[in-house]
């Protein structure tokens with residue numbers, strides 16, 4: 566069963582984020598707190614949304630996403646930040662059901678793109694994504710600016726109100 570997350574799901578979503586970070590060998594990078602996640606998902610201006618996969622009434626996975634925008638299509642899209650299914654529930658169709666629910670959101674809202682990142686070494690996920698018809702965007706490289714480099718660049722900003 567797939568359902569929209571509720572504020573009561575914040576602790577389990579945060580726990581699964583930690584499990585995902587451990588799987589990706591990046592536990593130290595998962596620093597979000599329950600209050601931050603609650604505000605992002607359920608505050609007055611939500612920055613993200615989440616779906617929960619359940620088996621026998623217990624959460625076994627989640628998808629956390631937000632809207633992006635394509636200047637080429639002139640429409641919003643879905644950017645899947647995290648998709649995670651607990652190891653004991655893998656192979657039960659939960660990952661595919663989460664992706665299908667997000668695809669349904671795209672179609673229902675007229676969004677033309679559904680995108681997400683995957684680590685190059687994560688062959689099981691890459692194979693799974695290919696099996697549902699997703700195509701890698703090999704010609705693109707994602708860049709990220711964080712920490713000192715982010716602050717250094719921001720120091721030269723001339724944007725009003727920034």
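In my numbering, the protein residues as written are 566 to 727.
Even glycine gets a Cβ: it sits at the ideal position worked out from N, Cα and C.
Model, not experiment: these values are computed from the prediction.
> beta strand (DSSP E) containing residue 633: first to last residue?
Replying inline: Locating residue 633 in the chain shown gives position 68, where the first residue counts as 1. Note, residue 633: beta strand (DSSP E), 623 to 635.
> For residue 646, which of helix, strand or coil comes out of DSSP?
Replying inline: Counting from one through the chain shown, the residue named residue 646 turns up at place 81. Strand at residue 646.
> Does the segment 628 to 639 come close enough to the segment 588 to 595 that 3 or more CB-CB pairs lie under 8 Å?
Replying inline: Too few Cβ pairs lie closer than 8 Å, so no.
> Once you ignore the five residues that flank residue 577 on each side, which residues in its own chain have a CB closer than 7 Å to its CB?
Replying inline: Translated into the one-based positions of the chain shown, residue 577 becomes position 12. If we look at residue 577 and ignore the five residues flanking it on each side, its Cβ neighbours are 624.
> In this structure, does DSSP put residue 590 in helix, strand or coil?
Replying inline: Taking the chain shown and counting its residues from 1, one reaches residue 590 at position 25. It is coil, neither helix nor strand.
>> For residue 581 and residue 610, I'd like the C-alpha separation in whole angstroms.
In response: Counting from one through the chain shown, the residue named residue 581 turns up at place 16. Counting from one through the chain shown, the residue named residue 610 turns up at place 45. Going by C-alpha positions, residue 581 is about 23 Å away from residue 610.
> Is residue 709 helix, strand or coil when you go by DSSP?
Replying inline: Counting from one through the chain shown, the residue named residue 709 turns up at place 144. Residue 709 falls in the coil class under three-state DSSP.
>> Is the separation between the beta-carbon of residue 641 and that of residue 650 shorter than 8 Å?
In response: Counting from 1 along the chain shown, the entry for residue 641 is found at position 76. Counting from 1 along the chain shown, the entry for residue 650 is found at position 85. Between residue 641 and residue 650, the CB-CB gap reaches or exceeds 8 Å.
>> Which complete alpha helix (DSSP H) runs does the segment 667 to 706 hold, if anything under 4 residues is left out?
In response: For secondary structure counted as the alpha helix (DSSP H) over 4 or more consecutive residues, the segment 667 to 706 holds these complete runs in sequence order: 688 to 696.
> Near residue 617, what residues of its chain come up, given a Cβ to Cβ distance below 6 Å and the 5 sequence neighbours on each side ignored?
Replying inline: In the chain shown, residue 617 corresponds to position 52, counting from 1. The beta carbon of residue 617 sits closer than 6 Å to the beta carbons of 568, 570, 574, 624 and 627 from its chain, once the five residues preceding and following it are set aside; these are given in chain order.
> What does a CB cutoff of less than 6 Å around residue 583 pick up in its chain, not counting 5 residues either side in sequence?
Replying inline: If you number the chain shown from 1, residue 583 lands on position 18. These residues qualify, in order along the chain: 595.
> DSSP on residue 595, reduced to helix/strand/coil?
Replying inline: The sequence position of residue 595 within the chain shown is 30, counting from 1. The answer is coil: DSSP assigns residue 595 none of H, G, I, E or B.
> Can you name, in chain order, every residue of its own chain whose Cβ lies under 6 Å from the Cβ of residue 621, other than the five neighbours on each side?
Replying inline: On the chain shown, position 56 is the one that residue 621 refers to. Apart from the 5 residues on each side of it in sequence, residue 621 has no Cβ closer than 6 Å to any other Cβ in its chain.
> Taking DSSP as the reference, what is the three-state secondary structure of residue 618?
Replying inline: Reading the chain shown from its first residue, position 53 is the one you call residue 618. Collapsing the DSSP output to three states places residue 618 in a strand.
>> Need the endpoints of the beta strand (DSSP E) that residue 653 sits in, please.
In response: Here the question's residue 653 lines up with position 88 in the chain shown. No beta strand (DSSP E) contains residue 653, which DSSP labels as neither H nor E.
> To which residues of the same chain is residue 710 closer than 8 Å at the C-beta, ignoring the five residues directly before and after it?
Replying inline: By 1-based counting over the chain shown, the position of residue 710 is 145. So the list reads 718, once near-sequence residues are dropped.
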